[in-house]
Amino acid sequence: MTYRDGHPVKPVGGRLALDFLNTADWASDGTAVHEKIEALADLDIWLRAVGLAEAGRPGSVEAIHRFRRDLRRLFRAETDARVSDLQAWVRAIDLGETAPLDDLTRQPVLGLVALSALSILGDPRERDRIKTCPGIDCGWMFIDETKNRRRKWCLMETCGNRAKAARHYRRVSGTTGTERS
């Protein structure tokens, strides 16, 4: 499945909240460098990919971007206050109409994402396994569920392969990797 611009949808975060955060590529300073959800149609594609095609969605792309930016800040915070901050933040946002609780797939998507985030940040075992891909302009977040906790890349096929190729190029060309062309 691909977004309208042809980029593939890759739910690799391991949790709904992290997959939602990964709907953009991020610079190291926290700004989105490549937006995957450019229109509500892109959100619909992502919702189908994660099995929530019936979920309620916000009325604007700006609301999605604002929600995601604020949620990413909470995940990137280096404090245990994240859970209480998230709880206060969830109470403060307007999630729109809610469906009966017996049908979770029809709940507002931002509410489901917020619940997923609360579940992750509220569990120290989950929180300690959150990692951020070090790939250039990637910044995707994921739960490292490997036994030895050594997962480094969002996907070895993309960011890991690029890093290995760059390291090989530097080794055979004799450059340090700090030069820019």
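Going by the numbering used here, the first residue of the sequence shown is number 2, and it counts up by one from there. All C-beta atoms in this analysis are idealised placements derived from N, C-alpha and C, irrespective of residue type, glycine included. Values in this document were obtained by computation on a predicted structure and should not be read as measured data.
Closest Cα partner of Glu55 within the set Asp138, Ile65, Val62, Leu44: If we check each option's Cα against that of Glu55, Leu44 comes out closest.
With H, G and I counted as helix, E and B as strand and the rest as coil, what does DSSP make of Met2? In this structure, DSSP gives Met2 a state outside helix and strand, which the three-state scheme calls coil.
Anyone know if the C-beta pair for Ile144 and Gly31 falls short of 7 angstroms? It is not a contact, given that the beta carbons lie outside the stated cut-off.
In whole angstroms, what separates the C-alpha of Asp20 from that of Lys11? Asp20 and Lys11 have their alpha carbons spaced roughly 8 angstroms apart.
Where Ala166 falls: helix, strand or coil (DSSP): If DSSP states are grouped into helix, strand and coil, Ala166 belongs with the helices.
Under 8 angstroms, with one C-beta from each stretch per pair, do the segment 63-75 and the segment 111-128 reach the 3-pair mark? With contact defined as three or more Cβ pairs closer than 8 angstroms, the segment 63-75 and the segment 111-128 are in contact.
For Met142, which option in Trp154, Leu48, Thr159, Val110 has the closest C-alpha, if you only look at C-alpha atoms? Per the C-alpha coordinates, the member of Trp154, Leu48, Thr159, Val110 positioned closest to Met142 is Trp154.
Among the residues of its own chain, which have a CB less than 7 angstroms from the CB of Ile65, if the five just before and after it don't count? Short of 7 angstroms from the beta carbon of Ile65, and not among the five residues preceding or following it, lie these beta carbons of its own chain, in chain order: Ile38, Leu44, Pro59.
His66 - DSSP class collapsed to helix/strand/coil: Three-state DSSP puts His66 in a helix.
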